[in-house]
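Chemist:
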Amino acid sequence: MGGAFEDGTAFEDSTVSAVLRHMNSEHSDDNLLIARAFGDPGASRAVMTGFDERGGEWMTTVHAATVGLRVPWPNAPIAERPEVRREIVALYEEACRRLSVEPRRHA
659 MGGAFEDGTA FEDSTVSAVL RHMNSEHSDD NLLIARAFGD PGASRAVMTG
709 FDERGGEWMT TVHAATVGLR VPWPNAPIAE RPEVRREIVA LYEEACRRLS
759 VEPRRHA
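Residue numbers (my numbering): 659 to 765.
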């Protein structure tokens, strides 16, 4: 994804790839919590597929169907890689709150 901003800038493909690889290999449980809290509580699987300055995107499995989910960043718009992490952590923490799950500490 990594779409262009209004000013013509965009997240570099390498940044998008690195974030997606990290989220899908190291934080698959977080992806699922976000999908359940912001999409369908019946989601059984979620994979982060992209993001831009305004939000993140996941493909989720809900009752054997594949469903796309777009969740706006709490502090959008963003433009820098560190802001992506901040926004994903904020979504994770809000997902935990909504689902009454104790969040883990982030380093």
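Just so you know, even glycine gets a beta-carbon here, dropped at the ideal spot from N, CA and C. Small disclaimer: the values here were computed from a predicted structure and weren't measured.
(1) Roughly how many angstroms separate the alpha carbons of aspartate 698 and valine 720, rounded to a whole number?
(2) Please check the pair leucine 757 and arginine 694, which I expect to be a contact at CB under 8 Å, by giving their CB distance rounded to whole angstroms.
(3) By DSSP, does arginine 756 sit in helix, in strand, or in coil?
(4) Look at the Cβ atom of glutamate 760, then the Cβ atom of isoleucine 736, and state whether they are nearer than 8 Å.
(5) For threonine 707, does the count of other Cβ atoms within 10 angstroms reach 16, so buried, or fall short, so exposed?
(6) Taking only the alpha-carbon atoms, compute the straight-line gap between glutamate 751 and proline 730 and give it to the nearest angstrom.
(7) With the cut-off set at 8 Å, would you say glycine 602 and arginine 728 are in Cβ contact?
(8) Using only the alpha-carbon positions, how far apart do alanine 734 and alanine 722 sit?
Modeler: Once the coordinates are examined:
(1) Along the sequence shown, read from residue 1 onward, the residue named residue 698 stands at position 40. Along the sequence shown, read from residue 1 onward, the residue named residue 720 stands at position 62. For aspartate 698 and valine 720, the distance between alpha carbons rounds to 7 Å.
(2) As a working note, residue 757 is residue 99 in the sequence shown. As a working note, residue 694 is residue 36 in the sequence shown. About 6 Å; that satisfies the 8 Å criterion.
(3) Here residue 756 corresponds to residue number 98 of the sequence shown, with the count starting at 1. Secondary structure at arginine 756: helix, using DSSP grouped into helix, strand and coil.
(4) Counted from its first residue, the sequence shown places residue 760 at position 102. Counted from its first residue, the sequence shown places residue 736 at position 78. No; because the gap between Cβ atoms is not below 8 Å, this pair is not in contact.
(5) To locate residue 707, count along the sequence shown from 1; it is residue 49. Classification for threonine 707: buried.
(6) As a working mapping, residue 751 is identified with position 93 in the sequence shown. As a working mapping, residue 730 is identified with position 72 in the sequence shown. Taking the Cα positions, glutamate 751 is about 14 Å away from proline 730.
(7) Missing from the structure shown is residue 602; the chain here goes from 659 to 765 and no further.
(8) Here residue 734 corresponds to residue number 76 of the sequence shown, with the count starting at 1. Here residue 722 corresponds to residue number 64 of the sequence shown, with the count starting at 1. Approximately 32 Å, taken between the alpha carbons.
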